[in-house]
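All remarks here apply to the structure that follows.
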Amino acid sequence: MVHGVNPFASLPTEIWANQELANSYGLTEALYTGLNSPEYFTIYPPVNQLIFYLAALLSPQSISGAVFVMKAFVFAAEVGSLFLIWKLLKAWNLPLSRWSIYAFYPLVFIELCGN
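Here my numbering is used: the first residue of the sequence shown is 3, the next is one more, and so on.
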């Protein structure tokens, strides 16, 4: 998307077939051979594509920087989940201590933000 390519418009094999187009989009042979599904349109939904776009836009020269941006979105979503769990427990008159069952369960944080 940073190069102006709609991931839902063209197959990677179609772009690769036109080497001039592939070069202008930054599709190298190493990148193309590393694709696990070049004969499919993107397998990621639009929200994911937006996050990938923002990560590439905010950190164009650093893979680790882009990964940090993507993990920041995951972390923000997790904070939102904690907030919603708190609100639901209050709305349903359940003990707020149940919030800690999810909030302090280490597997959630390790899997979502560390994986």
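We treat Cβ as the ideally placed atom computed from N, Cα and C, and that holds for glycine. Everything numeric in this text was worked out from a predicted model, so none of it was measured.
Using a Cβ distance threshold of 8 Å, G28 and H5 count as a contacting pair.
Burial is judged here by how many other beta carbons sit within 10 angstroms of a residue's own beta carbon; A79 has fewer than 16 and is exposed.
Beyond the five residues adjoining it in sequence on each side, S61 comes within less than 8 Å, by CB distance, of G67, A68, F70 and V71 in the same chain, given in chain order. Just so you know, the alpha carbons of L13 and F43 end up roughly 5 Å apart. Of the residues V7, W18 and I87, the one whose Cα lies closest to the Cα of E41 is W18. In this structure, the CA atom of L23 is about 46 Å from the CA atom of L86. Around the beta-carbon of A32, fewer than 16 other beta-carbon atoms lie within 10 Å, marking it exposed.
In this structure, the alpha-carbon of A93 lies about 16 Å from that of G82. Within the same chain, Cβ atoms closer than 8 Å to the Cβ of C115 are found at K73, V76, F77 and E80, the five residues on either side in sequence being excluded.
R100 and E16 have their C-alpha atoms some 52 Å from each other. Between the C-alpha atoms of L90 and N117 there is a straight-line separation of about 28 Å.
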